[in-house]
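The next block holds one structure in the form of structure tokens; read it before the comments.
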């Protein structure tokens, strides 16, 4: 297994920690889930604010 490292802002890390405590999951699992959700949204096309007008 390869190790993946990335830097996130302290505020975001604190929010992830709170969310992990709320859902009784580790911070690593929450980060992986959020990355997966973001990747799936990117594949779907995401939301473009310009098209909402």
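In the working numbering, the protein residues as written are 335 to 387. C-beta: ideal position from N, C-alpha, C; glycine also.
* Can you check whether the CB of residue 350 is closer than 8 angstroms to the CB of residue 365? -> Taking the first residue of the chain shown as position 1, residue 365 is located at position 31. Taking the first residue of the chain shown as position 1, residue 350 is located at position 16. Yes, the pair counts as a contact, with Cβ atoms nearer than the cut-off.
**Asked** Can you give the Cα-Cα distance for residue 375 and residue 367, rounded to whole angstroms?
**Response** By one-based count along the chain shown, residue 375 stands at place 41. By one-based count along the chain shown, residue 367 stands at place 33. When rounded, the distance between both Cα atoms is 12 angstroms.
Nearest residue (CA-CA) to residue 342, options 362, 336, 357, 355: Sequence index remark: in the chain shown, residue 342 carries index 8 (1-based). When C-alpha distances from residue 342 are compared across 362, 336, 357, 355, the shortest belongs to 362.
**Prompt:** Taking the C-alpha atoms as reference points, what is the distance between residue 340 and residue 377?
**Reply:** Numbered from its first residue, the chain shown carries residue 340 at position 6. Numbered from its first residue, the chain shown carries residue 377 at position 43. Near 21 angstroms, if we compare the C-alpha coordinates of residue 377 and residue 340.
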